[in-house]
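In the order they appear, the protein sequences are chains V and X.
So the number in our numbering is just where the residue sits in the first sequence, counting from 1, plus 9.
So the number in our numbering is just where the residue sits in the second sequence, counting from 1, plus 46.
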Amino acid sequence: MANVIISTEAITKEFKGKPAVRDLSLEVQLGSIYAFLGPNGAGKSTTIRLLLGLLRPTRGNVSLFGLDLKNHRSEILARTGSLVETPSLYEHLSARENLEIPRRILNAPRTDIDRVLRIVGLEDVGRNLVKTFSLGMKQRLGLAHAFLGKRELLILDEPTNGLDPAGIQEMRSLIRRLPGEHGVTVFLSSHLLTEVEQVATHVGMLSQGELVFQGSIEELKRLRESRVRIGVSDLESAVALLSRHGWDARREDGFILAADIDVAAAMNRALVESGFDVHHLSVESDSLEEVFLKMTESIGQ
Amino acid sequence: MFIRVLLTECLKLKRTLALWMVLVTPLVMVLLQFAITAKRANVLMANGNDAWPPMVRQTIEVWTLLMMPMFVTLETSLLAGLENTGKNWKSLLALPAPRWTIYASKLVVTITLLWAAHAVLIAGTIGSGTLLKLIHPNLNLGHMPLDPFVVPMLRVSVTALLAVAIQHWVSLRWHSYSVALGFGMVAMLVGIFAVQSNAFGSWFPWSLPIRAVLNGASGQDRITVVAVAGAVVAATIGCWEFVKREIG
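What follows is the structure in structure tokens.
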């Protein structure tokens, strides 16, 4: 339990009687990059607001750093940096002035502003007004805001939203470095599995307010279904042959798909020995995106 | 923590219209009064009466009845707009400052801006009187005593607190400018009519400041007590609601 930095006990949040998240039990390990995934409207932002105390759960408890959020709000928030959706900034102030606001509240040293501006690569434009910044720069400044002080946990809501490909790459590499170089645990939400696949160590999947998967990225990869794709001259007869051997095979998109990958070689041999021309044979697996879609669809049904 | 939050609220004022209004709004009033007095200088010189008391009285009345309610409405809306327009509430309230400090510091800033505007109004009116003396040496402006100006303005400053506390809550409660502006304008208009009513005028928050300084108005101390006590209650209720509020 000492290694668990975020823990929610079956939290439910209802708006006008309708649940936005239901019986959500999250467990985020210290030093991990936990990606919280779900389609738009799944309840990700609601969960993040519950973790930051901006919303109160209808039922259940939220604990961060082993402390109950209800009773230790200030202590927890002093150790938690956040970026909720678009960065909240004062456009009429400079980047430094924007950081001065949380710095004063956190009672962090003035030099901290230089430190965080360096981390996000904005040290040269610190005195410029935020209204002159591009969206990518604002997003990085929002992240700098979250780094200020002695933050041990970062909660980031869709941190790459609105960034161009270069900005997304930068943000990814920055997030990847956080646990190792800065000792920070990251909890980030996204609706793009392909994106978080490259940075996350752990994943939680949310669908219609319910957690459908939680575990390491390796555990998630193990859930991928594999199949054999066979390209052959006479599909109809080939499927009949494979079925006679007791293998589960079907036609799809001009190929044969067989479920059992362990017998790929045996199927190939049987087909060739029976006079079929096999011009394609491959083993393919579900992408994580497909795994995710299957999970979320099963909840939808 | 309160002082730290208060300092951040002061920092947010940098380069804002809210800060400029502290100078501009009372100076508009001063200029208006200067122009009126200068235009009527010949009449005032002819009757030989001291021109300072009517100049001061008109300034106080127009400011208290019209300019100040508009100033309070605009200031509270602009200050709330700093958080509303950038959807800054979520990041501000995710900082480790008790929520009451945020509500209270914003209220203190509004009150300070109002009182600063009053100081500008007083200084500007004295400057305007001095300039009128130079332009029209025959205009009887006496020795321009400060008591008839400063004492009522102090009373206005204190009795305005109830309206400020209510308008502050309205501005922070609804994120749309139009709600706060509409509320403030309607309250100002009702206040203008309510001043005439002894039964209603002594209780309606937007009528209290002018009732507290009108010549002959009875119970000025009672009005001051009502305004201060009401302000404390309104600020406390507003703060309680703000602390409990969910940020969706």
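Ideal placement from N, C-alpha and C gives every residue a C-beta, glycine not left out.
Check                                                                                                                                                                : Outcome
Pull up the DSSP beta-bridge partners for S235 (chain V), would you.                                                                                                 : V:S294
Give me the subset of the segment 108-133 of chain V whose CB atoms are less than 8 Å from a CB atom of chain X, sorted by chain position.                           : E109, I110, P111, R113, I114, L115 and N116
Which value, in whole angstroms, describes the spacing of the CA atoms of W66 (chain X) and M91 (chain X)?                                                           : 36 Å
Tell me the DSSP secondary structure of L52 (chain X) in three-state form.                                                                                           : helix
Excluding five sequence neighbours on each side, which residues of the same chain lie with their C-beta closer than 7 Å to the C-beta of A247 (chain V)?             : V241, I265, L280 and F285
So that I know if they touch, is there some Cβ in chain V lying closer than 8 Å to that of S295 (chain X)?                                                           : Given that chain X is displayed from residue 47 to residue 294, the structure contains no residue 295 (chain X) and the question cannot be resolved.
Put L250 (chain V) into one of helix, strand or coil per three-state DSSP.                                                                                           : helix
How close, in whole Å, do the beta carbons of S16 (chain V) and L35 (chain V) come, if the pair is a contact with beta carbons under 8 Å?                            : 7 Å
Closer than 6 Å by C-beta to S253 (chain X): which residues in its own chain qualify, once you throw out the five before and the five after it? Chain order, please. : G237, A240, V241 and G247
I want to know whether the segment 161-172 of chain X touches the segment 119-136 of chain V - three or more CB-CB distances under 8 Å.                              : no
Which residue from V:S296, V:G263 and V:H289 puts its Cα closest to that of K230 (chain V)?                                                                          : V:S296
So Y99 (chain V) contacts chain X; which residues on that side make the cut at Cβ distance below 8 Å?                                                                : K58, L128, G132 and N134
Can at least three beta-carbon pairs, one atom from the segment 121-128 of chain X and one from the segment 219-235 of chain X, be found at a separation below 8 Å?  : yes
Which same chain residues end up closer than 7 Å to R31 (chain V) when comparing Cβ atoms and leaving out the 5 residues on each side of it in sequence?             : T21, G218 and E219
Between the C-alpha atoms of R119 (chain V) and T270 (chain X), what's the straight-line distance to the nearest angstrom?                                           : 44 Å
Which bits of chain X does S83 (chain V) rub up against, with CB to CB less than 7 Å?                                                                                : P142 and P144
Name, please, each residue of chain V whose Cβ falls closer than 9 Å to the Cβ of T158 (chain X).                                                                    : None at all; the shortest Cβ gap to chain V is about 18 Å.
What are the residues of the segment 65-76 of chain V that lie near chain C, defined by any Cβ-Cβ distance shorter than 9 Å?                                         : Chain labels in this structure do not include chain C; the protein chains are V and X.
Residues of chain X with CB under 8 Å from V93 (chain V), in chain order?                                                                                            : K136, S137 and A140
Please classify G192 (chain V): does DSSP put it in a helix, a strand, or coil?                                                                                      : coil
What residues in the segment 32-58 of chain V have a beta carbon less than 7 Å from any beta carbon of chain X?                                                      : R58
Taking Cβ-Cβ distances shorter than 9 Å, what residues in chain V pair up with T122 (chain X)?                                                                       : Correct list: empty, because the minimum Cβ distance to chain V is about 18 Å.
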